[in-house]
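Beneath this line is the structure, given in C-alpha coordinates, with notes to follow.
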Amino acid sequence: MHILSMAKDLDVATPQMEMAFAEATFSISSSGEMVEQARYISLTAMIRFSTKVAQTFCPDLVVDFGHVGWQRLKVAIATRNRITHPKKNQDLDVSEGDVEAAKVGFFWFLEMSLHVMEQTVRELRISALMTRKVVDELIAGDPDTLALYERVHRERDE
(Lines of atoms letter the chains of each structure in order from A and count residues from 1; the text may use other names and numbers.)
(Lines give C-alpha, C1' and ligand atoms only; values in the text may rest on other atoms or scores of the structure.)
Protein backbone atom coordinates (compact mmCIF):
# COMPACT_ATOMS: atom_id res chain seq x y z
CA MET A 1 0.00 0.00 0.00
CA HIS A 2 3.02 2.30 0.32
CA ILE A 3 3.20 2.69 -3.45
CA LEU A 4 -0.52 3.43 -3.82
CA SER A 5 -0.37 5.90 -0.94
CA MET A 6 2.57 7.69 -2.53
CA ALA A 7 0.86 7.70 -5.94
CA LYS A 8 -2.17 9.33 -4.31
CA ASP A 9 -0.01 11.87 -2.48
CA LEU A 10 1.73 12.77 -5.73
CA ASP A 11 -1.58 12.88 -7.63
CA VAL A 12 -0.74 10.15 -10.14
CA ALA A 13 -3.06 7.41 -8.83
CA THR A 14 -5.90 6.39 -11.13
CA PRO A 15 -9.12 4.55 -10.25
CA GLN A 16 -7.78 1.59 -12.24
CA MET A 17 -4.64 1.49 -10.10
CA GLU A 18 -6.72 1.58 -6.95
CA MET A 19 -8.89 -1.29 -8.18
CA ALA A 20 -5.82 -3.32 -9.11
CA PHE A 21 -4.29 -2.82 -5.67
CA ALA A 22 -7.64 -3.69 -4.07
CA GLU A 23 -7.60 -6.94 -6.08
CA ALA A 24 -11.25 -6.46 -6.96
CA THR A 25 -13.47 -6.01 -9.96
CA PHE A 26 -17.00 -4.72 -10.07
CA SER A 27 -20.01 -5.76 -12.03
CA ILE A 28 -23.64 -4.76 -12.12
CA SER A 29 -26.24 -7.39 -11.29
CA SER A 30 -29.46 -7.76 -13.26
CA SER A 31 -31.21 -5.86 -10.44
CA GLY A 32 -28.87 -2.91 -10.91
CA GLU A 33 -26.76 -3.51 -7.82
CA MET A 34 -23.00 -3.04 -7.97
CA VAL A 35 -21.27 -6.25 -6.96
CA GLU A 36 -17.63 -6.40 -5.90
CA GLN A 37 -15.75 -9.54 -6.84
CA ALA A 38 -12.47 -10.47 -5.20
CA ARG A 39 -9.77 -11.10 -7.75
CA TYR A 40 -6.55 -12.96 -7.09
CA ILE A 41 -3.45 -11.34 -8.52
CA SER A 42 -0.26 -13.33 -8.27
CA LEU A 43 2.42 -12.00 -5.97
CA THR A 44 4.92 -11.73 -8.81
CA ALA A 45 2.45 -9.77 -10.95
CA MET A 46 1.69 -7.45 -8.01
CA ILE A 47 5.41 -6.86 -7.38
CA ARG A 48 5.92 -5.91 -11.03
CA PHE A 49 2.79 -3.74 -11.05
CA SER A 50 3.86 -1.95 -7.86
CA THR A 51 7.24 -1.28 -9.44
CA LYS A 52 5.64 0.14 -12.61
CA VAL A 53 3.38 2.39 -10.53
CA ALA A 54 6.38 3.62 -8.53
CA GLN A 55 8.18 4.36 -11.80
CA THR A 56 5.33 6.70 -12.82
CA PHE A 57 6.51 9.15 -10.18
CA CYS A 58 10.12 7.93 -9.79
CA PRO A 59 11.29 7.74 -13.40
CA ASP A 60 14.87 6.98 -12.36
CA LEU A 61 13.81 3.95 -10.30
CA VAL A 62 15.42 0.75 -11.55
CA VAL A 63 14.59 -2.71 -10.24
CA ASP A 64 16.65 -5.57 -11.65
CA PHE A 65 14.18 -8.32 -12.48
CA GLY A 66 17.02 -10.19 -14.18
CA HIS A 67 18.75 -10.61 -10.81
CA VAL A 68 19.14 -14.11 -9.41
CA GLY A 69 17.22 -12.98 -6.32
CA TRP A 70 14.09 -12.36 -8.40
CA GLN A 71 14.43 -15.82 -9.95
CA ARG A 72 14.82 -17.38 -6.49
CA LEU A 73 11.83 -15.45 -5.17
CA LYS A 74 9.71 -16.93 -7.97
CA VAL A 75 11.00 -20.41 -7.05
CA ALA A 76 10.16 -19.76 -3.39
CA ILE A 77 6.64 -18.64 -4.29
CA ALA A 78 6.16 -21.76 -6.39
CA THR A 79 7.35 -23.86 -3.42
CA ARG A 80 4.92 -22.06 -1.12
CA ASN A 81 2.08 -22.68 -3.57
CA ARG A 82 3.08 -26.34 -3.93
CA ILE A 83 3.10 -27.05 -0.20
CA THR A 84 -0.06 -25.08 0.59
CA HIS A 85 -2.02 -26.74 -2.25
CA PRO A 86 -0.46 -30.21 -2.56
CA LYS A 87 -1.65 -32.58 -5.28
CA LYS A 88 0.41 -35.52 -4.03
CA ASN A 89 2.41 -36.38 -0.90
CA GLN A 90 5.74 -35.44 -2.51
CA ASP A 91 4.46 -31.89 -2.94
CA LEU A 92 4.90 -31.48 0.81
CA ASP A 93 8.65 -32.18 0.62
CA VAL A 94 10.85 -29.10 1.04
CA SER A 95 14.47 -29.48 -0.03
CA GLU A 96 17.53 -27.58 1.12
CA GLY A 97 17.49 -25.96 -2.32
CA ASP A 98 13.92 -24.77 -1.71
CA VAL A 99 14.96 -23.25 1.61
CA GLU A 100 18.01 -21.59 0.07
CA ALA A 101 15.91 -20.17 -2.79
CA ALA A 102 13.49 -18.75 -0.22
CA LYS A 103 16.33 -17.07 1.68
CA VAL A 104 17.93 -15.56 -1.43
CA GLY A 105 14.53 -14.47 -2.76
CA PHE A 106 13.51 -12.97 0.58
CA PHE A 107 16.68 -10.91 0.92
CA TRP A 108 16.44 -9.72 -2.69
CA PHE A 109 12.83 -8.67 -2.07
CA LEU A 110 13.76 -6.94 1.18
CA GLU A 111 16.58 -4.96 -0.49
CA MET A 112 14.38 -4.12 -3.47
CA SER A 113 11.53 -3.00 -1.20
CA LEU A 114 13.82 -0.75 0.82
CA HIS A 115 15.27 0.72 -2.38
CA VAL A 116 11.82 1.44 -3.81
CA MET A 117 10.61 2.95 -0.54
CA GLU A 118 13.70 5.17 -0.27
CA GLN A 119 13.23 6.40 -3.85
CA THR A 120 9.52 7.08 -3.45
CA VAL A 121 10.02 8.93 -0.17
CA ARG A 122 12.76 10.97 -1.87
CA GLU A 123 10.31 11.95 -4.63
CA LEU A 124 7.67 12.92 -2.08
CA ARG A 125 10.24 15.06 -0.26
CA ILE A 126 11.17 16.83 -3.50
CA SER A 127 7.48 17.44 -4.20
CA ALA A 128 6.96 18.81 -0.68
CA LEU A 129 9.95 21.15 -1.04
CA MET A 130 8.63 22.43 -4.37
CA THR A 131 5.20 22.98 -2.83
CA ARG A 132 6.78 24.85 0.09
CA LYS A 133 8.60 27.10 -2.38
CA VAL A 134 5.39 27.89 -4.27
CA VAL A 135 3.49 28.58 -1.04
CA ASP A 136 6.28 30.89 0.15
CA GLU A 137 6.20 32.75 -3.18
CA LEU A 138 2.41 33.07 -3.01
CA ILE A 139 2.61 34.43 0.54
CA ALA A 140 5.31 36.89 -0.53
CA GLY A 141 3.09 38.06 -3.39
CA ASP A 142 5.47 37.07 -6.17
CA PRO A 143 3.71 38.35 -9.32
CA ASP A 144 4.84 35.49 -11.59
CA THR A 145 3.75 32.82 -9.13
CA LEU A 146 0.42 34.56 -8.50
CA ALA A 147 -0.20 34.84 -12.25
CA LEU A 148 0.60 31.15 -12.76
CA TYR A 149 -1.64 30.19 -9.84
CA GLU A 150 -4.54 32.20 -11.25
CA ARG A 151 -4.03 30.78 -14.77
CA VAL A 152 -4.03 27.20 -13.48
CA HIS A 153 -7.26 27.77 -11.58
CA ARG A 154 -8.92 29.39 -14.58
CA GLU A 155 -7.93 26.46 -16.80
CA ARG A 156 -9.25 23.95 -14.24
CA ASP A 157 -12.60 25.75 -14.13
CA GLU A 158 -13.00 25.65 -17.93
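Plus 1428 on top of the position in the sequence shown (first one is 1) and you've got the numbering used here.
Backbone N, C-alpha and C define an ideal beta-carbon position, used for all residues, glycine too.
Nearest to residue 1434 by alpha carbon, out of 1464, 1524, 1478? 1478
Which residue marks the beginning of the alpha helix (DSSP H) containing residue 1484, and which one marks its end? Bounds of the alpha helix (DSSP H) holding residue 1484 are 1471-1485.
What is the DSSP secondary structure of residue 1558, reduced to helix, strand or coil? helix
Hey, would you say residue 1533 sits closer than 7 Å to residue 1497, going by beta carbons? yes
Simplified DSSP assignment, three categories, for residue 1455: Strand, per DSSP.
Can you tell me which of the three DSSP states residue 1546 falls into? It is helical.
Determine the direct distance from the alpha carbon of residue 1537 to that of residue 1510, and round the result to whole angstroms. About 20 Å.
Measuring only the C-alpha atoms, how far is residue 1550 from residue 1512? 38 Å
Provide the residue span of the alpha helix (DSSP H) that contains residue 1378, from first to last. Because the chain spans 1429 through 1586 in this model, residue 1378 falls outside it and cannot be assessed.
Opening and closing residue of the alpha helix (DSSP H) in which residue 1499 lies: Residue 1499 -> alpha helix (DSSP H) spans 1496-1512.
What number of angstroms, rounded off, separates the C-alpha of residue 1442 from the C-alpha of residue 1450? 12 Å
Counterpart residues of residue 1464 in DSSP-defined beta bridges: 1454
Going by C-alpha distance, which of 1545, 1577, 1548 is nearest residue 1559? 1577
Using 7 Å as the threshold, is the C-beta distance between residue 1422 and residue 1432 below it? With the chain represented from 1429 up to 1586, any question about residue 1422 goes unanswered, as that position is not in the structure.
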